[in-house]
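In the working numbering, the protein residues as written are 1 to 189.
We put the CB at the ideal spot given by N, CA and C, even for glycine.
These figures come from a predicted structure and were not determined experimentally.
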Amino acid sequence: MNDSKLIKQLLTPYDLSHEKIRVGSEHDGGYVISKTFLDLYTDAVYSLGIGYDCNFDLELANRGYRIFQYDGSVPDTPAQHENFVFQSLMMDHQLLTSEVIKNNHENSNLLLKMDIEGGEYSLLYHLDPHILNRFSQIVFEMHGVTYASNLEMFLEKLNSRFILTHIHANNNEQEQVDSIPNVLELTFV
Numbered sequence: 001m002n003d004s005k006l007i008k009q010l011l012t013p014y015d016l017s018h019e020k021i022r023v024g025s026e027h028d029g030g031y032v033i034s035k036t037f038l039d040l041y042t043d044a045v046y047s048l049g050i051g052y053d054c055n056f057d058l059e060l061a062n063r064g065y066r067i068f069q070y071d072g073s074v075p076d077t078p079a080q081h082e083n084f085v086f087q088s089l090m091m092d093h094q095l096l097t098s099e100v101i102k103n104n105h106e107n108s109n110l111l112l113k114m115d116i117e118g119g120e121y122s123l124l125y126h127l128d129p130h131i132l133n134r135f136s137q138i139v140f141e142m143h144g145v146t147y148a149s150n151l152e153m154f155l156e157k158l159n160s161r162f163i164l165t166h167i168h169a170n171n172n173e174q175e176q177v178d179s180i181p182n183v184l185e186l187t188f189v
């Protein structure tokens with residue numbers, strides 16, 4: 001069982017006094033991101049876990065960002081855009097590292113969006129530090145918060161490299177333990 005008090009401390013967001021915007025669906029599939037970091041520090045976007053809703057990707061593609069989409073659970077992106085590069089691949093830390101290198105983004109400023117149904121823990125925890133540092137902003141749906149093993153270690157690692165600037169409960173999730181929702185939407189910069 002996770003230490004609820006420590007989890008709540010590790011999930012305390014900081015106000016950096018920068019502008020935030022919601023991008024994507026008004027329901028599940030939308031994320032609150034730092035507009036400041038998007039405008040100043042984003043060369044490309046890596047979107048992991050597309051499913052059948054890519055409104056987040058479409059909004060950023062319409063702003064001129066190249067979107068590298070990955071989802072092995074669907075054969076193709078649900079919408080087409082000239083700024084989309086889609087691959088039907090299930091992403092893990094090793095594959096993400098090789099994709100960043102293959103796409104010549106080892107020295108770029110990137111935004112990472114993830115909705116990979118629990119795979120976010122292993123991916124972020126084991127991702128090569130050099131590649132992890134390429135992401136100036138990470139937004140993701142964190143699944144299984146109330147029962148994830150080693151959640152404290154995972155959050156401590158993220159908090160050692162990034163600042164949590166936004167958190168809210170997922171629109172579709174009702175389960176809670178000690179007032180902590182089971183699925184959270186997080187933004188780290």
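Other residues of its chain near residue i: CB distance less than 8 Å, five sequence neighbours each side excluded
| i | result |
| --- | --- |
| D76 | F86 and S88 |
| H143 | E117, G118, E120, N182 and V183 |
For residue i, the three-state DSSP class (helix, strand or coil)
| i | result |
| --- | --- |
| H81 | coil |
| S34 | strand |
| H126 | helix |
| M90 | coil |
| Y70 | strand |
| R161 | helix |
Range covered by the alpha helix (DSSP H) that runs through residue i
| i | result |
| --- | --- |
| Q100 | The residue asked about is misnamed: residue 100 is Val in this sequence, not Gln. It spans H93 to K102 - the alpha helix (DSSP H) in which V100 sits, taken as one unbroken run. |
Spatial distance of residue i from residue j (CA atoms)
| i | j | result |
| --- | --- | --- |
| S136 | V32 | 15 Å |
| L151 | L10 | 10 Å |
| Q80 | D178 | 42 Å |
| H93 | P129 | 11 Å |
| N159 | V45 | 21 Å |
| L60 | S149 | 34 Å |
| T146 | I180 | 7 Å |
| R194 | P78 | Residue 194 falls outside the range modelled here, since the chain spans only 1 to 189, and no answer is possible. |
Limits of the unbroken beta strand (DSSP E) element including residue i
| i | result |
| --- | --- |
| I7 | From DSSP, I7 is part of no beta strand (DSSP E) but of the alpha helix (DSSP H) over S4 to L10. |
| S47 | A44 to L48 |
| L110 | L110 to M114 |
| E141 | F135 to M142 |
| L184 | L184 to F188 |
Same chain only: Cβ atoms within 6 Å of residue i, ignoring 5 sequence neighbours per side
| i | result |
| --- | --- |
| D71 | G49 and I50 |
Same chain, Cβ closer than 7 Å to residue i, neighbours up to 5 away in sequence not counted
| i | result |
| --- | --- |
| M29 | Rather than Met, the amino acid found at residue 29 in this sequence is Gly. Result list for G29: D53, N55 and F56, in chain order. |
| E82 | none |
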